[in-house]
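Residue numbers (our numbering): 94 to 162. To start, the structure itself, in structure tokens.
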């Protein structure tokens, strides 16, 4: 499980998108792995160390829809 350091006024979802490239399901897992993280408020203080969940290649797959098929 990787850990990252939050930038100034970064949100948990922005941190997940920056490091893992997705937010669906990852934000919830991140908050569950880091007790007290939500209590820090919507914008994390600079230097906050956040543990991130490990995601598999199957979780990174994005299902797309073709509008004209």
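All residues carry an ideal CB built from backbone N, CA and C; glycine is no exception. Values in this document were obtained by computation on a predicted structure and should not be read as measured data.
Between residue 116 and residue 106, the gap from beta carbon to beta carbon is short of 8 Å.
For the set 98, 104, 139 and 113, the Cα lying nearest the Cα of residue 146 is the one of 113. Minimum Cα-Cα distance from residue 96 among the listed residues 158, 144, 119 and 148 corresponds to 144. Judged by DSSP in its simplified three-state form, residue 160 adopts coil rather than helix or strand.
In the same chain as residue 110, and ignoring 5 residues on each side of it, the C-beta atoms closer than 7 Å to its own belong to 116, in chain order.
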